[in-house]
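Numbering (the UniProt record's numbering), first residue to last: 1 to 159. Beta carbons: idealized from backbone N, C-alpha and C, even for Gly. Nothing here was measured: the structure is a model prediction, and the numbers come from that model.
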């Protein structure tokens, strides 16, 4: 599934573009912290997710992997590389995480991280106990009504 934002006559279908659009449109509720160190951490986390983890959730990429390593090795290969990305995120966030990825406010890293953990744990059966910081953060997301409302099964147009 590809995220799509429809705002009047504006249609945006790329996570980064959606994020930047919302950041500009609603400056009163920023998704990037003012602190430059925390801003950099959020950008780093989103980069790891969008370049190293999220592509492995795409069916087209999984088919390509299957062609290269065979059907029996496709899932273990993907899980191995998803876990490598989670290891990098665990190291990146373990010293700054609060209730959420970079403290006690929701920011960009959280917006990118929540769905990736959900897919990795659900579809790929990644053991999140290996990543205690990420697991704890995800539990915080699950308690949010906004997160619950955003789940794909609650979207009328999700395919």
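Quiz item: When the distance is taken between beta carbons, is residue 74 closer than 8 Å to residue 62?
Solution: As a first step, residue 62 must be located in the chain shown, where it is residue number 62. As a first step, residue 74 must be located in the chain shown, where it is residue number 74. Contact flag set, yes.
Quiz item: Quick one: any contact between the region 98-105 and the region 22-42, if contact means 3 or more CB pairs under 8 Å?
Solution: These segments touch.
Exercise. Give the DSSP-derived three-state secondary structure of residue 138 in the structure shown.
Key: For this step, residue 138 is matched to residue 138 along the chain shown. Helix at residue 138.
Quiz item: Looking only at its own chain, which residues have a Cβ that is under 8 Å from the Cβ of residue 93, when we skip the five neighbours before and after it?
Solution: On the chain shown, residue 93 is found 93 positions in, with the first residue counted as 1. 41, 45, 101, 102, 109, 133, 134 and 137.
Quiz item: Taking the alpha-carbon positions, what's the residue 112 to residue 9 distance?
Solution: Here the question's residue 112 lines up with position 112 in the chain shown. Here the question's residue 9 lines up with position 9 in the chain shown. About 25 Å.
Practice problem: If I'm right that residue 79 touches residue 126 with Cβ under 8 Å, what's the distance once you round it to whole angstroms? | Solution: For this step, residue 79 is matched to residue 79 along the chain shown. For this step, residue 126 is matched to residue 126 along the chain shown. Contact annotation, residue 79 with residue 126: C-beta distance approximately 6 Å; criterion of less than 8 Å satisfied.
Self-check item: Exposed unless 16 or more other CB atoms sit within 10 angstroms - verdict on residue 141
Solution: For the purposes of this step, residue 141 is identified with residue 141 of the chain shown, where counting begins at 1. Under this definition residue 141 is a buried residue.
Exercise. Tell me whether the beta-carbon of residue 18 lies closer than 8 Å to the beta-carbon of residue 5.
Key: Translated into positions along the chain shown, residue 18 becomes position 18. Translated into positions along the chain shown, residue 5 becomes position 5. It is a contact, given that the beta carbons lie within the stated cut-off.
Practice problem: Compute the Euclidean distance between the alpha carbons of residue 86 and residue 149, then round it to the nearest angstrom. | Solution: On the chain shown, residue 86 is found 86 positions in, with the first residue counted as 1. On the chain shown, residue 149 is found 149 positions in, with the first residue counted as 1. Those two C-alpha atoms are separated by around 25 Å.
Exercise. Just list the alpha helix (DSSP H) runs in the region 31-70, keeping only unbroken ones of 4 residues or longer that don't cross its boundaries, in chain order.
Key: 36-48 and 59-69
Self-check item: Other residues of its chain near residue 22: CB distance less than 8 Å, five sequence neighbours each side excluded
Solution: Along the chain shown, one-based indexing puts residue 22 at 22. Closer than 8 Å at the Cβ level, and outside the excluded window around residue 22, lie 5 and 31.
Quiz item: How should residue 238 be labelled, buried or exposed, when 16 other C-beta atoms within 10 angstroms of its C-beta is the threshold for buried?
Solution: Nothing about residue 238 can be reported from this structure: the residues present for the chain run from 1 to 159 only.
Quiz item: With a CB to CB cut of under 6 Å and the five nearest residues on each side skipped, what residues in its chain are close to residue 50?
Solution: By one-based count along the chain shown, residue 50 stands at place 50. There are no such residues.
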